[in-house]
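In terms of the working numbering, the sequence shown opens at residue 445 and continues consecutively. Where a beta carbon is used, it is the ideal one built from N, C-alpha and C, also for glycine. Read the structure below first, then the notes.
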Amino acid sequence: MKKILFAASEAVPFIKTGGLADVVGSLPGYFDKDAYDVRVILPKYACMEEKWKDKLKLIAKFYVKLGWRQQYVGLYETEYKGIHYYFVDNEFYFAGPSPYGPIHEDVEKFAYFSKAVVESLQKLDFVPDIVHCHDWQAALIPVYMETLYGNIEFYQHIKTVFSIHNILFQGRWRLNSVQDATGLPEYLFTTKYLEAYGESNYMKGAIVFADAVTTVSKSYAMEIMTQEGGAGLDGVLRKYSYKLFGIMNGLDYDVFHPGKDTYISYHYDKENAVQQKAKQKAALQKKLGLPVDEDVFLLGMISRMSDQKGFDLVACVLEELLQRENLQMVVLGSGEERYQNMFRYFSYHNPQRLSATIGYSEELAHKIYAACDGFLMPSLTEPCGLCQLISLRYGTVPIVRETGGLRDTVTPYNKYLDTGTGFSFANYNAHEMKDAVLLAMDMFYHQKEEWEKLMARGMEADFSWKSSVAEYRELYRMLSES
Ligand code: ADP
């Protein structure tokens, strides 16, 4: 039995701010239970819903040394859908209305989390063969294990994997503050290890010290080794490219299932998608106060509102798009104030064309995926992207920029070969994006048969975890044998 422990800052259903939670909360369930025991360790945030907190059982208490500080660790556990979850409790660090706060607080918070996880390994009745750390919040785990704990025999048998879900978030802060917060020795705060561009950089530390580094699509693995896509870490990634692997994220096909989705009223499969989606569309239009019209092209966006997600392109052409009588848009998301205000403004002035919900709603998200005809994702960079996978699963045609995981998962329509699952554009240019939307609309209105074939091909594509899990298994096997 191979034992793997995932360490991360979020996982569905306990706490979610983005795609990381979907991945950490679903991937463990896709390993063969006879051969793999995959468990997860998370922070026990005060902002977690009470119904989850009530299920947790205290299993250990101890203190961890963090520089000059002695900090309390409560270890809790629970099981969800056959997966064992551990939680690290400390009310000082994990209080607050959301998992993440200002970066200067987060660097200490997640240094604490990482050190608490490393110490927990000796307290649990589960000694993993591999600790699989996700994103910068868990990035100090390999650093601690290879340095401060490197001489302890117990740790020498445990391998580490570090997964980059988004290279833009690296955990960067002042060198001396981080040295103080982490208690790591001074020699580590040099260019060879944690220092990058005059700051301390958690992600760089993990790239240096982990036994393997993965990222969430093959294209993104190539992109982050370039100056353009590496956000300053391309050099170190090139240096360690021998241990870098691109493994595509999968989607939890049980949660995102148009035939069973509890958030939607009209279930469907490939055979009746057109009729059922039309009913779903009418229901959504009614709910959101848009004119009810099953025949109009409904374009969806669900996203963090940031430049990374292409909202500056949307800002450029939104007014032009909204002048089209044959287009309705529904937007759900939150993020940068200027984009939130932009959508508030345009939806106020175009109530017939645009509905914008600023906030977070799992239920509305599912309804949008099911109801829309097209889904817009014009990201500047996209490590993997889940929204386009969900769209494909729900027969909603993705319109994407060709970058990272979007390039790997959406095949652009080719009218000569009659292939493709969506529409795409190459350059980060607002009018290229608009043209892709117009092309999609043109097909929707004038080539119904082609459009329906496009939908069907998307629904047939398989982006479940099946093949990605096989790649992780292979990686774990390689590490265990090395
Ligand atoms: P990110 O870079 O934000 O992780 P992904 O595409 O990988 O982007 O994953 C985003 C996930 O979060 C998807 O499951 C998407 O449906 C969901 N999501 C994003 N914003 C919202 C929102 N405002 N309400 C509900 N779900 C959201």
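Within 8 angstroms, strictly: CB atoms of D678 and I668: yes
Opposing strand residues paired with D481 [DSSP bridges]: K447
D886 Cβ short of 7 angstroms to ligand 3 heavy atom set: The model depicted lacks ligand 3 and carries ligand 1 instead.
Own chain, CB closer than 8 angstroms to E904, minus 5 neighbours either side, in chain order: K714
Residue span of the beta strand (DSSP E) that contains Q514, given as start and end: 513-524
Segments assigned alpha helix (DSSP H), at least 4 residues, entirely inside the stretch 530-575: 547-564
I834 CB to nearest heavy atom of ligand 1 below 7 angstroms: yes
C-alpha distance - G829 paired with G627, whole-angstrom precision: 35 angstroms
Three CB pairs or more closer than 8 angstroms across the stretch 901-920 and the stretch 867-878: no
Residue from Y813, T825, S823, D817 whose Cα sits closest to the Cα of L833: For the residues Y813, T825, S823, D817, the minimum Cα distance to L833 belongs to Y813.
Proximity test, I611 beta-carbon vs ligand 1 heavy atom, cut-off 7 angstroms: no
Beta-carbon proximity of P927 to S685, cut-off 8 angstroms: The chain is shown from 445 up to 926; residue 927 falls before or after that span and cannot be answered.
Per DSSP, cross-strand counterpart(s) of R748: S778
Which listed residue (I691, N770, E896) has its alpha carbon closest to that of F907: I691
Cβ contact (3+ pairs, closer than 8 angstroms) linking the stretch 769-789 and the stretch 803-811: yes
Member of F787, G462, S470 whose CA lies at the smallest distance from the CA of I527: S470
Supposed close pair L619, E643 - CB separation, criterion 8 angstroms: 6 angstroms
Any beta strand (DSSP E) of 3 or more consecutive residues that is wholly inside the stretch 752-822: 771-779, 798-802, 818-821
Euclidean distance between Cα positions of F475 and G694: Approximately 13 angstroms, taken between the alpha carbons.
H890 (DSSP reduced to helix, strand or coil): Correct three-state label for H890: helix.
Delimiting residues of the alpha helix (DSSP H) encompassing G434: The shown model of the chain, from 445 to 926, leaves out residue 434, and the question about it has no answer.
Opposing strand residues paired with T659 [DSSP bridges]: According to DSSP, which records beta bridges pairwise, T659 is partnered with I608, G690.
Validate contact between the stretch 521-540 and the stretch 482-494 using beta carbons, cut 8 angstroms, 3 pairs: yes
Short Cβ contact (8 angstroms threshold) for F689 with L919: yes
Boundaries (first-last residue) of the alpha helix (DSSP H) holding P586: Here the alpha helix (DSSP H) through P586 covers 584-590.
L824 Cβ short of 7 angstroms to ligand 1 heavy atom set: no
Contact under 8 angstroms by Cβ, A650 with A759: It is not a contact, given that the beta carbons lie outside the stated cut-off.
Reduced DSSP secondary structure (H/G/I, E/B, other) of N645: strand
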